[in-house]
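A.B. asks: Using UniProt numbering, read the sequence shown as starting at 1 and increasing by one per residue.
Virtual Cβ for every residue (Gly too), placed ideally from N, Cα, C.
It should be emphasised that the depicted structure is a prediction, and the values quoted were computed from it without experimental measurement.
Let me give you the structure first, and then I'll get to my questions.
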Amino acid sequence: MDIRKYPRLDHFLVTWSLLLLQTAFGLTSREVNKTMCIEKERDALLEFKRGLVDDFDRLSTWGNDEDKKECCKWKGIECDKRSGHVTVLDLHSEVSCPGHACFAPILTGKLSPSLLELQHLNYLDLSVNGFDRSEIPRFISSLKRLEYLNLSSSDFSGVIPTQLMNLTSLRILDLGNNNQLIVKDLGWLSHLSSLEFLRLGGNDFQASNWFQEITKVPSLKELDLSVCGLSKFVPSPADLANSSLISLSVLHLCCNEFSSSAEYSWLFNFSTSLASIDLSNNQLDSPIDDRFGSLMYLEHLNLADQFNLKGVGVPSSFGNLTRLRYLDMSNTRTYQWLPELFLRLSGSRKTLEVLGLNDNSMFGSLVNVTRFSALKRLYLQNNVLNGFFMERFGQVSSLEYLDLSDNQMRGPLPDLALFPSLRELHLGSNQFQGRIPQGIGKLSQLRILDVSSNRLEGLPESMGQLSNLESFDASYNVLKGTITESHLSNLSSLVDLDLSFNSLALKTSFDWLPPFQLQVINLPSCNLGPSFPKWLQSQNNYTVLDISLANLSDALPSWFSDLPLNLKILNLSNNHISGRVSELIVNKQDYMVIDLSSNNFSGPLPQVPTNVRIFYLHKNKFSGSTSSICKSTTGAATSLDLSHNQFSGELPDCWMNMSNLVVLNLAYNNFSGKLPQSLSSLESLKALYIRQNSFSGMLPSFSQCQLLQILDLGGNKLTGRIPAWIGTDLLNLRILSLRFNKFYGGIPSIICQLQFLQILDLSANGLSGKIPQCFNNFTLLHQENGSGG
Numbered sequence: 001m002d003i004r005k006y007p008r009l010d011h012f013l014v015t016w017s018l019l020l021l022q023t024a025f026g027l028t029s030r031e032v033n034k035t036m037c038i039e040k041e042r043d044a045l046l047e048f049k050r051g052l053v054d055d056f057d058r059l060s061t062w063g064n065d066e067d068k069k070e071c072c073k074w075k076g077i078e079c080d081k082r083s084g085h086v087t088v089l090d091l092h093s094e095v096s097c098p099g100h101a102c103f104a105p106i107l108t109g110k111l112s113p114s115l116l117e118l119q120h121l122n123y124l125d126l127s128v129n130g131f132d133r134s135e136i137p138r139f140i141s142s143l144k145r146l147e148y149l150n151l152s153s154s155d156f157s158g159v160i161p162t163q164l165m166n167l168t169s170l171r172i173l174d175l176g177n178n179n180q181l182i183v184k185d186l187g188w189l190s191h192l193s194s195l196e197f198l199r200l201g202g203n204d205f206q207a208s209n210w211f212q213e214i215t216k217v218p219s220l221k222e223l224d225l226s227v228c229g230l231s232k233f234v235p236s237p238a239d240l241a242n243s244s245l246i247s248l249s250v251l252h253l254c255c256n257e258f259s260s261s262a263e264y265s266w267l268f269n270f271s272t273s274l275a276s277i278d279l280s281n282n283q284l285d286s287p288i289d290d291r292f293g294s295l296m297y298l299e300h301l302n303l304a305d306q307f308n309l310k311g312v313g314v315p316s317s318f319g320n321l322t323r324l325r326y327l328d329m330s331n332t333r334t335y336q337w338l339p340e341l342f343l344r345l346s347g348s349r350k351t352l353e354v355l356g357l358n359d360n361s362m363f364g365s366l367v368n369v370t371r372f373s374a375l376k377r378l379y380l381q382n383n384v385l386n387g388f389f390m391e392r393f394g395q396v397s398s399l400e401y402l403d404l405s406d407n408q409m410r411g412p413l414p415d416l417a418l419f420p421s422l423r424e425l426h427l428g429s430n431q432f433q434g435r436i437p438q439g440i441g442k443l444s445q446l447r448i449l450d451v452s453s454n455r456l457e458g459l460p461e462s463m464g465q466l467s468n469l470e471s472f473d474a475s476y477n478v479l480k481g482t483i484t485e486s487h488l489s490n491l492s493s494l495v496d497l498d499l500s501f502n503s504l505a506l507k508t509s510f511d512w513l514p515p516f517q518l519q520v521i522n523l524p525s526c527n528l529g530p531s532f533p534k535w536l537q538s539q540n541n542y543t544v545l546d547i548s549l550a551n552l553s554d555a556l557p558s559w560f561s562d563l564p565l566n567l568k569i570l571n572l573s574n575n576h577i578s579g580r581v582s583e584l585i586v587n588k589q590d591y592m593v594i595d596l597s598s599n600n601f602s603g604p605l606p607q608v609p610t611n612v613r614i615f616y617l618h619k620n621k622f623s624g625s626t627s628s629i630c631k632s633t634t635g636a637a638t639s640l641d642l643s644h645n646q647f648s649g650e651l652p653d654c655w656m657n658m659s660n661l662v663v664l665n666l667a668y669n670n671f672s673g674k675l676p677q678s679l680s681s682l683e684s685l686k687a688l689y690i691r692q693n694s695f696s697g698m699l700p701s702f703s704q705c706q707l708l709q710i711l712d713l714g715g716n717k718l719t720g721r722i723p724a725w726i727g728t729d730l731l732n733l734r735i736l737s738l739r740f741n742k743f744y745g746g747i748p749s750i751i752c753q754l755q756f757l758q759i760l761d762l763s764a765n766g767l768s769g770k771i772p773q774c775f776n777n778f779t780l781l782h783q784e785n786g787s788g789g
């Protein structure tokens, strides 16, 4: 499955363990403790606070004021209800994402030994903070009642102190992801007889004897050694023979540079206890080991992201895994006939809940899905599935998530009523044909429907009555299927609708009110016209509206002046929409993309929104001056296309305000006058098109625009000599067109330094002299066809 979008379940096991312990401590209820805290413990906490730098005021409730003296009510503190002793100190930092910029409001500074006053402390969490590469304080080992200690992701360094052996009550120890924390001698672990969870991954791991020491902790149930470079510390056969077995249930071995099963074969020593294994993101280059099938208690197996894994998918031994609930083999480059894979997993058909097979070379048809009665998530996107979706005679499925996108699947869709629990259905970029089945209207829990980029069109139902028909041409885009209210009226949970790039029409009654509020509306090339569908007016929470290529030939409705405030992407392109848009585009929206191109819009240039990155108005009837650009703070824009309009007059000289521009297209307008000098300040610019205008005068220096790849100045009245800086400063140029201008003089030979040049057009100017012999160096040049202009 795609780990960028969907977290893998076995990564939640750490969190789950922590939650279990919190429940044991009664931490989830967070009841207000009415017992007064003990004064010397309050003083110790205040002393501890003084050693910290609290830039985000997280400890604002800690104080000596009358209304803040009760330390048992301070944030992150819990006290025993009877004695008043502090038992919990939880100052872990939580990641927050205001305005989509994620950060952790960390505490920094040093840890004060004043914490030694908290001798009843059994829970200490200082994770995800920043302690400036200091060593783990040895005084922590004197807090002998600690059952939970979490110092992960807090920038500790140095060797883990062996004094931690004194914490004999510890059940959970998390020291992971400290980068420069050295894991060297693990002899102290054997003293922690109650330890159930241990995380040492993401540190400077140097413990060559780790296996012997780990197996001396008989109570250990979950072990996280991710990112430890364990491929360098493979236990010897003698180590395996002499080690005592432990009741290990969960094992995290992600990102350890394993290249063969020989480097992790030691894990099969725990065949009678292992329930979860994470081997993702290693470098395995051999088929999946048959011995996994001997792990009779295995429930979770993560083999994802093995970029060199070879072989035929699931071995037959996996049929023995009768408890398997989760299997992730995504992005492993394995190949297998999908029906065979399902057959080899038949032993887990009553237990399997999540199956990740995306980004591989699986082929064949999708069959027998409903036989897996517990299956909730199936990831098959980006394979080479080339068969059918065959579930016509199956039983009702409990599937909630199905992704078949980016394959070559063909044929009709099955009766989707077999999947009443579906929440997400991704079928995009296949070759499905025919109608959208009516059964989709029964998926009341569906949140995302994506059938984009298929060949869905359908035939009239009456075609089935033509029994004598001998020949019929139903080629693509000839007959168009229709989505009606019956398909959508029960989808009250729907938030994302993508019917794009098919041959579908969406037709509803004029006054239809959908039962849903969409967040994403993707309907390009879906026939909505000729008038704007009124039901769109009822949607008020979407961030994406794409109704391009939708056969709309209407005037822009008045309600478009009140679009949702969180709208990010607006695409009305390639229709025949008319009207003025100056009131439509206002800065109250947080636009990122606006595409109004290829319509019949008219009037002056609308205001360029502050945060917009892509702003396309080309191929319309906009006219007048573009001076309003100077009134906008448009520093975020990367692509601006005003071409093929009727803009006139001189360009304003304020382009330094658009410093992030990568593409600027002003071609095919009526601009005149000199090119403003501020254009040359666009250091990020890669493409500049001003073809077919009436610009005159000398060409300003674009020496600062050293990223330029396309410079198209053709069809103007520019004059002067071809400047030498083109050859010295624009070394990335691939296309240079100066055609149909008034340049004169010779062609500077220094232009031959443009080694990436593919198109060079200097025609229809007043140039004289010989063509430089070095033009033979332009090995990438090819002829540009077409007439001048």
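According to DSSP, simplified to helix, strand and coil, what is L708?
C.D. replies: Coil, per DSSP.
A.B. asks: Would you decide whether A275 is buried or exposed? Buried here means 16 or more other CB atoms lie within 10 Å of its CB.
C.D. replies: By the 10 Å Cβ count, A275 comes out buried.
A.B. asks: Sort out for me which residues DSSP pairs W512 with in a bridge.
C.D. replies: Looking at the DSSP assignment, W512 forms no beta bridge with any residue, so it has no partner.
A.B. asks: Spatial neighbours of L146 within its chain, please: C-beta separation below 7 Å, excluding the five flanking residues on both sides.
C.D. replies: The answer, listed in chain order, is L121, N122, L124, L167, S169 and L170.
A.B. asks: Tell me whether the beta-carbon of R410 lies closer than 8 Å to the beta-carbon of F388.
C.D. replies: Closer than 8 Å, so yes.
A.B. asks: Can you find at least 3 beta carbon pairs, one from the segment 742-760 and one from the segment 700-708, that sit closer than 8 Å?
C.D. replies: No: the two stretches stay apart, fewer than three of their Cβ pairs being nearer than 8 Å.
A.B. asks: Within 10 angstroms of the Cβ of F740, are there 16 or more other Cβ atoms? Answer buried if so, exposed if not.
C.D. replies: Looking at its Cβ environment, which holds 16 or more other Cβ atoms inside 10 Å, F740 is buried.
A.B. asks: Where do the N-terminal and C-terminal ends of the alpha helix (DSSP H) with A58 fall, by residue?
C.D. replies: Correcting the residue type first, residue 58 is Arg in the shown sequence and not Ala. Looking at the DSSP string, R58 is not in any alpha helix (DSSP H), and its letter there is neither H nor E.
A.B. asks: Use the C-beta contact count for F307: other C-beta atoms within 10 angstroms, 16 or more gives buried, fewer gives exposed.
C.D. replies: Label assigned to F307: exposed.
A.B. asks: State the beta-bridge partners of W337 as determined by DSSP.
C.D. replies: Answer is F363.
A.B. asks: Enumerate, from N- to C-terminal direction, the unbroken beta strand (DSSP E) stretches of 3 or more residues contained entirely within the segment 91-177.
C.D. replies: As far as the segment 91-177 is concerned, its whole beta strand (DSSP E) runs of at least 3 residues are 123-125, 148-150 and 172-174.
A.B. asks: Helix, strand or coil for A262? Go by DSSP, reduced to three states.
C.D. replies: Of the three classes helix, strand and coil, the one that applies to A262 here is helix, per DSSP.
A.B. asks: Quick check on F48: buried or exposed, where buried means 16 or more other Cβ atoms within 10 Å of its Cβ?
C.D. replies: When all chains shown are included, F48 counts as buried.
A.B. asks: Which residue wins for smallest C-alpha separation from L343, given the options V367, R323, P723 and D359?
C.D. replies: Closest by alpha carbon: V367.
A.B. asks: Using a Cβ-Cβ cut-off of 8 Å (strictly less than) and excluding sequence neighbours within five positions of S678, which residues of its own chain qualify?
C.D. replies: Correct list, in chain order: D653, C654, W655 and M656.
A.B. asks: Pop quiz: S672 and F695 are said to be a contact at Cβ under 8 Å. What is the actual Cβ separation, rounded to whole angstroms?
C.D. replies: Going by Cβ atoms, the distance from S672 to F695 rounds to 7 Å, so yes, they are a contact pair.
A.B. asks: Rounded to whole angstroms, how far is the Cβ of G347 from the Cβ of P315, which I believe are closer than 8 Å?
C.D. replies: Wrong, their Cβ atoms sit about 12 Å apart, outside the cutoff.
A.B. asks: Which whole-angstrom value describes the C-beta separation of D450 and L418, a residue pair presumed to lie in contact below a C-beta threshold of 8 Å?
C.D. replies: Contact doesn't hold; Cβ gap of about 19 Å is too wide.
A.B. asks: L488 by DSSP, collapsed to three states: which one?
C.D. replies: DSSP places L488 in helix when its eight states are reduced to three.
A.B. asks: In the segment 707-773, which residue ranges form an unbroken beta strand (DSSP E) of at least 3 residues, counting only runs that do not cross its ends?
C.D. replies: Correct list: 710-712, 717-721, 735-737, 742-745 and 759-761.
A.B. asks: Report yes if the C-beta distance between C686 and L707 is below 8 Å; otherwise report no.
C.D. replies: Per the sequence shown, residue 686 should be read as Lys rather than Cys. Cβ atoms of K686 and L707: closer than 8 Å.
A.B. asks: Look at the alpha carbon of R138 and the alpha carbon of S114, and state the distance between them as a whole number of angstroms.
C.D. replies: Looking at the two C-alpha atoms, the distance is approximately 13 Å.
A.B. asks: What three-state label does DSSP hand H191 in the structure shown?
C.D. replies: In the structure shown, H191 sits in a helix (DSSP, three-state: H, G or I).
A.B. asks: Use the C-beta contact count for C79: other C-beta atoms within 10 angstroms, 16 or more gives buried, fewer gives exposed.
C.D. replies: C79 comes out buried.
A.B. asks: What is the rounded straight-line gap between the Cα of I214 and the Cα of L173?
C.D. replies: So the alpha carbons of these two residues sit roughly 13 Å apart.
A.B. asks: Per DSSP, what kind of secondary structure is E78 in: helix, strand or coil?
C.D. replies: Strand, per DSSP.
A.B. asks: Could you give the distance in angstroms between the alpha-carbon of I710 and the alpha-carbon of D729?
C.D. replies: Rounded to the nearest angstrom, the two C-alpha atoms are 14 Å apart.
A.B. asks: Do the CB positions of L682 and L666 come within less than 8 Å of each other?
C.D. replies: No, the Cβ-Cβ distance between L682 and L666 is not below 8 Å.
A.B. asks: Note down, in chain order, each residue of its chain lying with its Cβ closer than 8 Å to the Cβ of Q519, except the 5 sequence neighbours on either side.
C.D. replies: Only V495, D496, N541, Y542, T543 and V544 meet the Cβ criterion.
A.B. asks: For W337 and N256, I'd like the C-alpha separation in whole angstroms.
C.D. replies: Approximately 30 Å between the Cα atoms of the pair.
A.B. asks: How many angstroms separate the CA atom of N645 from the CA atom of Y668?
C.D. replies: Cα to Cα, the separation comes out at about 7 Å.
A.B. asks: If distances are taken between C-alpha atoms only, which option among L399, P604 and N269 comes closest to S623?
C.D. replies: Closest option to S623, Cα to Cα, is P604.
A.B. asks: Can you give me the start and stop residues for the beta strand (DSSP E) that F671 sits inside?
C.D. replies: Its beta strand (DSSP E) spans residues N670 to K674.
A.B. asks: Taking DSSP as the reference, what is the three-state secondary structure of N302?
C.D. replies: If DSSP states are grouped into helix, strand and coil, N302 belongs with the strands.
A.B. asks: What are the start and end residues of the beta strand (DSSP E) that includes K40?
C.D. replies: Here K40 belongs to no beta strand (DSSP E); instead the alpha helix (DSSP H) covers E39 to R50.
A.B. asks: Using the three-state DSSP reduction, which class does H11 fall into: helix, strand or coil?
C.D. replies: Bear in mind that a pLDDT of 42 at H11, under 50, signals an unreliable position, so the model cannot answer this.
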